[in-house]
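A.B. asks: Read in order, the letters of the sequence shown correspond to residues 1 to 283 in the UniProt record's numbering. The structure that follows is given in the form of C-alpha cells.
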Amino acid sequence: MGRDVEVFSHGVAVITGAGAGIGAGLARRAGALGMTVVVADVDLDRAQAITGEIRAAGGLADPIRVDVSRAEELDRLAETVHARHGDVRLLVNNAGIETIGYSWEIPAERWDATLDINVHGVVHGVRAFAPRMLASGQEAWIANLASMGAFSVMPCQTAYIMTKHAVQAFSECLYLEMQLKGAPIHVCSIMPGMLKTSIFEASAGAGEPPAAATHRRKMFEMMRDYGMDLAEGCQRIMEQVAEGRFWVHTQPDMTMSAIESRIAFFNSQQPPVMNEAVRELVD
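So, in C-alpha cells, the structure goes:
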C-alpha cells in the first residue's frame with residue numbers, strides 16, 4: 001500500500017487542467033483517497049463531468065472554471081478555494097497543451113497560448129497559492145507537471161519542449177526557495193512518460209499549422225498503442241508525491257534514458273543530432 005493512502009486521505013487538492021488527461025486521472029485518484037478535490041479547468045463542462053465521476057464514487061469534488069493563462073484568474077481561484085474549503089494540502093499545476101509545427105509556422109496566438117498555459121500557468125499557480133500555504137504553517141505539497149521533454153529536444157514540438165524545460169528549472173528553484181524558508185512544503189516535478197491521454201487528439205491542435213496534423217496523428221497512435229494505463233500512471237504519481245520525492249516518474253527507465261542522452265550531449269558539446277526514428281515521426 002502506497003504512502004498516499006495515509007498522506008492524502010484528507011485535505012483539499014487543487015488540480016488545474018483536471019477536466020481531461022493526467023489532470024482528470026489525478027483528480028479521480030485524489031478523490032478516491034479521500035481528499036476534497038477542486039477540479040479546475042478552462043472547460044467547465046469537462047470539470048463538472050469529472051466532478052460527477054468523483055462524487056458518484058463517493059468522493060468530494062468542486063468544479064471551478066479557470067483559465068490558467070490569466071494570472072488574475074488563478075488569484076481568483078485561490079481566493080475562492082480558501083473561502084469555500086480552507087487551506088490547500090495539495091496543489092497540482094497540471095494544465096498544459098501540446099503544440100506541433102515548425103517554429104516559424106506556428107501562429108503568434110498559438111505560441112502565446114502555449115507559453116502562457118504551460119509556463120505562466122505554473123508560475124502564477126504557485127504565486128497565487130504558496131503564500132497561503134506558507135501562512136498556514138501546515139505540511140503541504142506543490143507538484144508541477146514537467147515532462148520527459150524537460151530533458152530532451154524534439155523538432156516540430158519545440159514550443160512544448162521549451163516550456164517543459166522552463167517548468168523543470170522553475171520547480172528546482174522553487175524547491176530551494178522552500179528550503180531557504182524552512183517551510184514544510186514539498187515541491188515535486190512530475191515527469192510522465194507515455195500515458196494514454198488525449199493530448200495528441202486532433203481536436204487539441206486548433207491554431208497549429210495544417211502540416212502538424214500528420215505528426216499529431218502519429219503521436220496519438222503511439223500513445224494509444226504503447227502508453228501506460230492512465231489510472232496506473234496517476235496512482236504511481238500520487239504515491240511518489242506523498243513520499244515527498246522531488247523526482248516523480250511514471251516510467252523511470254524512459255526518463256533516465258532521456259537524461260543520460262542529455263548528459264552525453266552536454267559532455268560532447270557536439271551539435272544536436274536527429275536519429276532516424278525522430279525523422280520518421282516528424283516527416
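Cβ atoms here follow ideal geometry from the backbone N, Cα and C, with glycine treated the same way.
Along the beta strand (DSSP E) that carries R3, what are the first and last residues, could you check?
C.D. replies: Segment: none, R3 is in no beta strand (DSSP E) and carries neither H nor E.
A.B. asks: Suppose you measure from the CA of R29 to the CA of A61; what does that come to, to the nearest Å?
C.D. replies: Cα-Cα distance, rounded: 12 angstroms.
A.B. asks: Determine whether the beta carbon atoms of E98 and F200 lie at a separation below 8 angstroms.
C.D. replies: Yes, Cβ-Cβ distance for E98 and F200 is below 8 angstroms.
A.B. asks: Can you confirm whether the segment 131 to 143 touches the segment 108 to 116 when touching is taken to mean that 3 or more C-beta pairs between the two stretches lie within less than 8 angstroms?
C.D. replies: Contact fails: fewer than three Cβ-Cβ distances are below 8 angstroms.
A.B. asks: Below 8 angstroms between beta carbons: does that hold for H85 and V12?
C.D. replies: Yes, the Cβ-Cβ distance between H85 and V12 is below 8 angstroms.
A.B. asks: Would you report the Cα separation of Y226 and M254, rounded to the nearest angstrom?
C.D. replies: About 13 angstroms.
A.B. asks: With distances taken between CB atoms, is the gap from C156 to G25 smaller than 8 angstroms?
C.D. replies: Not a contact, by the Cβ cut-off of 8 angstroms.
A.B. asks: So F151 and R262 are supposed to be a Cβ contact under 8 angstroms. How far apart are they, rounded?
C.D. replies: Right, the Cβ-Cβ distance comes to about 5 angstroms (below 8 angstroms), so this counts as a contact.
A.B. asks: Please return the same chain residues whose Cβ sits closer than 7 angstroms to the Cβ of R46, not counting the five positions on each side in sequence.
C.D. replies: Around R46: G19, A20.
A.B. asks: Enumerate in chain order the residues of its own chain whose CB-to-CB distance from T250 is below 7 angstroms, with the five nearest sequence positions on each side excluded.
C.D. replies: Hits under 7 angstroms: P192, G193, L195, M228, G233, R236, I237.
A.B. asks: Does DSSP put V167 in a helix, a strand or coil?
C.D. replies: Reduced to three states, the DSSP call for V167 is helix.
A.B. asks: Residues in its own chain within less than 6 angstroms of P63 by CB, not counting five upstream and five downstream?
C.D. replies: Contacts found: V39, A47, Q48, T51.
A.B. asks: Quick one: is T16 buried, meaning 16 or more other Cβ sit within 10 Å of its Cβ, or exposed?
C.D. replies: T16 is buried by the Cβ-count criterion.
A.B. asks: Give the secondary structure of V37 by DSSP, where H, G and I count as helix, E and B as strand, and everything else as coil.
C.D. replies: Strand, per DSSP.
A.B. asks: Can you tell me whether D43 is buried or exposed? The criterion is at least 16 other CB atoms within 10 Å of its CB, across all chains shown.
C.D. replies: With fewer than 16 Cβ atoms within 10 Å of its Cβ, D43 is classed as exposed.
A.B. asks: Look up L90 in the DSSP assignment and give the residues it is bridged to.
C.D. replies: Paired residue(s): A13, W141.
A.B. asks: Quick check: L180 and V126, are their CB atoms within less than 8 angstroms of each other?
C.D. replies: No, they are not a contact pair.
A.B. asks: Regarding T250 and the ligand PLP, is the C-beta to nearest heavy atom distance less than 7 angstroms?
C.D. replies: Inclusion of the ligand PLP in the displayed structure is not the case, the ligand content being empty and no account of it being possible.
A.B. asks: Please classify M35 as buried or exposed, where buried requires at least 16 neighbouring CB atoms within 10 angstroms.
C.D. replies: Per the 10 Å Cβ criterion, buried.
A.B. asks: What separation, rounded to the nearest whole angstrom, lies between the Cα atoms of T158 and M148?
C.D. replies: If you take the alpha carbons of T158 and M148, they lie about 13 angstroms apart.
A.B. asks: Nearest to L145 by CA position, among Y160, G59, M154, is which residue?
C.D. replies: Answer by Cα proximity: Y160.
A.B. asks: Alpha carbon to alpha carbon, how far is P272 from S189?
C.D. replies: Going by the C-alpha atoms only, they are around 25 angstroms apart.
A.B. asks: Please report the straight-line C-alpha distance between M162 and E243, rounded to a whole angstrom.
C.D. replies: About 28 angstroms.
A.B. asks: For I54, which residues in the same chain have their Cβ closer than 7 angstroms to its Cβ, ignoring the five residues on either side in sequence?
C.D. replies: So the qualifying residues of the chain are A27, R28, G31, V37, A61.
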